[in-house]
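What follows is a set of notes on a single structure, which appears directly below.
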Amino acid sequence: MKNKMYKNIGKSIFAFALSFTAVSCSKFDEINVDPKVASIDQVQVEYFINAAIVGAQQDPHVAERAFVLYWKTAGRQHRSNGLSTGVYTDDWSQDYYSAASGWLNAAYTAVEVAEHQMETGEAQPYTNNLLQVARIWRAYLLSELADNFGPLPINGFQGENPSFNNLQEVYYFMLQELKEAVEAIDPSVTNPDVLRNFDHAYNFDYNKWIKYGNSLRMRFAMRLSEVDPGKAQSEFEDAIRGGLYITTMDEAFQVTERPGWDGLTGVMSREWNGQQISATLNNLYLGLGGIPSENQLGTNLHQYVKDEDYIGLRFSEHFSTLTNDPSAGYWLDGLPKVIDPRAYKTFAIPGDLNNPDFSRYPTYTQDAVTTSRNLVNANDGVVKTIEARYTWNAFAIGNWGLKGARNQVYTYLGTNPRLVQRYRSSDNVRIFFAPWETNFLLAEAGVRGWSTPVAAKEAYEQGVRLSFDYNNVGAHLGQYLSSTNYNRVGTSVSWDHTPEPPASHRMTFVDGYANTTGTVDIPYPSNTLYRNGAVKNDHLTKIITQKFIAQCPWLPLETWSDHRRLGLPFFETPAVEEPNTNLPDLTRSNYMNASTKFFPQRLRYPSSLRNTNQQGYQQAVGFLEGEDGVLTPLWWAKR
3 MKNKMYKNIG
13 KSIFAFALSF
23 TAVSCSKFDE
33 INVDPKVASI
43 DQVQVEYFIN
53 AAIVGAQQDP
63 HVAERAFVLY
73 WKTAGRQHRS
83 NGLSTGVYTD
93 DWSQDYYSAA
103 SGWLNAAYTA
113 VEVAEHQMET
123 GEAQPYTNNL
133 LQVARIWRAY
143 LLSELADNFG
153 PLPINGFQGE
163 NPSFNNLQEV
173 YYFMLQELKE
183 AVEAIDPSVT
193 NPDVLRNFDH
203 AYNFDYNKWI
213 KYGNSLRMRF
223 AMRLSEVDPG
233 KAQSEFEDAI
243 RGGLYITTMD
253 EAFQVTERPG
263 WDGLTGVMSR
273 EWNGQQISAT
283 LNNLYLGLGG
293 IPSENQLGTN
303 LHQYVKDEDY
313 IGLRFSEHFS
323 TLTNDPSAGY
333 WLDGLPKVID
343 PRAYKTFAIP
353 GDLNNPDFSR
363 YPTYTQDAVT
373 TSRNLVNAND
383 GVVKTIEARY
393 TWNAFAIGNW
403 GLKGARNQVY
413 TYLGTNPRLV
423 QRYRSSDNVR
433 IFFAPWETNF
443 LLAEAGVRGW
453 STPVAAKEAY
463 EQGVRLSFDY
473 NNVGAHLGQY
483 LSSTNYNRVG
493 TSVSWDHTPE
503 PPASHRMTFV
513 DGYANTTGTV
523 DIPYPSNTLY
533 RNGAVKNDHL
543 TKIITQKFIA
553 QCPWLPLETW
563 SDHRRLGLPF
573 FETPAVEEPN
583 TNLPDLTRSN
593 YMNASTKFFP
603 QRLRYPSSLR
613 NTNQQGYQQA
623 VGFLEGEDGV
633 LTPLWWAKR
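What follows is the structure in structure tokens.
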């Protein structure tokens, strides 16, 4: 048995060495033993933990593909077609799957080396704690890969072709690992100073690892809420029983970025990625919280703020209307009267070059600062020139057909609010788990009737408060939490305000071609994925709305997962002026009613898996209970 274990460890170290890149801290230069060539008796557990954490921060190549082009797109944290319209790229998936397998190899090796050292009497006083840290991080890494692809091998990523497990087994394994690891950590153990250099998140502060482990367990338990409610409740209640979970920002799991090209480079740092605001996010922002733009912006911008009942200029021949986005067809030629105060902190107003956080990416063109663009006719003649400086718009994804071809405005960088520079310049701190998520999980648990230490309302408001503090808009919190204003999709902030909005609300507009004024009834859209579209303002919708906003832009995988699990918050259907090839069920006759077939559910397994482990691949697909496709829901997701 021992010989087999040592043989597996040796294979893991060899596989890890092959994939090991320059992600470790500079302290490696001071260590005489090179972990890439060391024997099983020489390597140290912390080397592998360090590599697994830093690698998962994602170098620019992997980050652009996974974090930006997949997660932020599917999670609707920016406007992009791609995965959100069912488009799958095998090379991108291969790059991510291969990299994540390497991180998992490092985590599995850390576990094996620690267990070997403890069994042979070579352990340090802190080795058992490092073992538990490795198990916690391994659980996170497994969840990341599982929430993208689906079924995975529990005993894999160690240099051999493994058998696959169904997703229920994977989640049960992760939950058990977290429970056992947290219980086995001894926080009284003192570390040597040098050890802290190998943990970029917590410096091996074991009390924080305990809280992170319990918070992860809360997240994983809630993931099962719709498909396995009994297990979800029991695991969640057990995880919070001791009150040890992330509640403050200094306990958040976060990794400091740095400029360059390695695992610590910012995940949103590639200049050519537009990072424009999505219609989903904008519909949540607009009107939410009752805070006027004039109270948020400098007086130089007040003249651009429009009336609250004004929706904008109507351009029916240039802006798609074949989507259930309530703002479809209109261009707001100014700034909204009322908007969530986090909007202007996260996305910059077009042309607002005096904003020190305005992103000029890409710096090698003038696209970010050019705000005048045209609507044209079939012969490319100018129909209307639009000046987008000091305006605020977001548009549905999808196939805009001829309208899109004749519209130079709706996808252009300089005419759209885009992510501010502090998230793009590799000098921020990437968040993997923040205290607001803990509170929104507690609030959701309370709504479900689970036993929690705080009332759902208290947890909900604390989650909002923490998000406001992070975005430096705390001065608006009191007014915001008491607001009964509906946003563009019919949800308000106040916990005690649960009346449903009317079917529509009357707004004024100007015909962009004829310059004539009119009124129009703008519907509050029906989110048929949630309670058949009849409910827009209950407590769960409020919680997930606030959670979605708070998680932007660091946790797009979670916003995608919440939507797959619950159908919340409201995601507009992709425009269908022409068919979306990869969303065959979405048509001109049904775009007003959402379906899981209109939104991506997972990533296909990379072709390399089919080619190198055909047996494992067939197992995985069998567990999916559907084809290996983007639109096949995962076990825990809404069907």
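Quick note on the numbering used here: the sequence shown kicks off at 3 and runs consecutively.
C-beta atoms are modelled at their ideal positions from N, C-alpha and C, and glycine is treated no differently.
On the three-state DSSP scale, how would you describe residue 603?
coil
Roughly how many whole angstroms lie between the Cα atoms of residue 45 and residue 113?
12 Å
Once DSSP output is grouped into helix, strand and coil, what is the label at residue 202?
coil
When you compare only the Cα positions, how much space is there between residue 628 and residue 634?
6 Å
Would you give the residue range spanned by the alpha helix (DSSP H) that residue 441 belongs to?
437-449
Is the segment 135-143 in contact with the segment 102-121, if contact means three or more CB pairs nearer than 8 Å?
yes
Given a cut-off of 7 Å on the beta-carbon distance, is the pair residue 493 and residue 561 in contact?
Taking 7 Å as the cut-off, the Cβ atoms of residue 493 and residue 561 do not count as close.
Minimum C-alpha distance to residue 420 - residue among 606, 364 and 49
364
By Cβ distance below 6 Å, which residues in the same chain neighbour residue 418 in space, the five residues on each side in sequence not counted?
If you ignore the 5 residues before and after residue 418, its C-beta comes within less than 6 Å of the C-beta of 278, all in its own chain and listed in chain order.
Please report the distance separating the alpha-carbon of residue 601 from that of residue 85.
9 Å
Is it true that the CB of residue 271 sits closer than 7 Å to the CB of residue 82?
no
Which listed residue (130, 289, 125 and 540) has its alpha carbon closest to that of residue 186
Taking only the C-alpha atoms, the option nearest residue 186 is 130.
Count the other CB atoms within 10 Å of the CB of residue 623; is the residue buried (16 or more) or exposed (fewer)?
buried
Assuming contact is defined by CB atoms lying nearer than 7 Å, are residue 387 and residue 376 in contact in what I supplied?
yes
Quick one: what does DSSP say residue 233 is sitting in, helix, strand or coil?
helix
What span of residues does the alpha helix (DSSP H) with residue 406 cover, start to end?
403-407
Counting C-beta neighbours from all protein chains within 10 Å, is the total for residue 673 16 or more, i.e. buried, or is it exposed?
Because the chain spans 3 through 641 in this model, residue 673 falls outside it and cannot be assessed.
Tell whether a beta-carbon distance below 7 Å holds between residue 440 and residue 448.
no
Could you tell me the alpha carbon to alpha carbon distance between residue 39 and residue 569, rounded to whole angstroms?
No answer about residue 39 holds up, because its pLDDT of 47 lies below 50 and its placement is not dependable.
Expressed to the nearest angstrom, what Euclidean distance is found between the alpha-carbon atoms of residue 432 and residue 554?
11 Å
From which residue to which residue does the alpha helix (DSSP H) around residue 558 run?
558-568
Please state whether DSSP places residue 50 in a helix, a strand or coil.
It is helical.
Using 10 angstroms around the beta-carbon of residue 153, count the other beta-carbons present and answer buried if the total reaches 16, otherwise exposed.
buried
Whole-angstrom distance between residue 631 and residue 173, CA atom to CA atom:
21 Å
Do you know whose CA, among 261, 105 and 481, lies nearest residue 142's CA?
105
Taking its Cβ as the centre, do 16 or more other Cβ atoms sit within 10 Å of residue 498, making it buried, or is it exposed?
exposed
Residue 194 by DSSP, collapsed to three states: which one?
coil
Is residue 326 near residue 527, with beta carbons less than 7 Å apart?
yes
Checking 7 Å against the spacing of the C-beta atoms, do residue 646 and residue 491 come in under that value?
The first residue shown for the chain is 3 and the last is 641, placing residue 646 beyond what the model contains.
Candidates 148, 51 and 58, of which the one nearest residue 606 by Cα:
Nearest of 148, 51 and 58 to residue 606, Cα basis: 148.
Of the residues 73, 268, 178 and 209, which one's Cα is nearest the Cα of residue 237?
178
Kindly give me the distance between the Cβ atoms of residue 328 and residue 295, rounded to whole angstroms, as I take these residues to be in contact under 8 Å.
The beta-carbon distance between residue 328 and residue 295, rounded to whole angstroms, is 19 Å. This is too long to meet the 8 Å contact definition.
Where in the segment 290-319 do unbroken runs of the beta strand (DSSP E), each at least 3 residues long, occur, reported from the N-terminal end onward?
312-316
For residue 356 and residue 79, I'd like the C-alpha separation in whole angstroms.
25 Å
Determine the burial state of residue 261: buried for a count of at least 16 other Cβ atoms within 10 Å of its Cβ, exposed for fewer.
exposed
Between the Cα of residue 468 and those of 531, 525 and 549, spot the shortest distance and give me the residue it belongs to.
The alpha carbon of residue 468 has as its nearest neighbour, out of 531, 525 and 549, the alpha carbon of 549.
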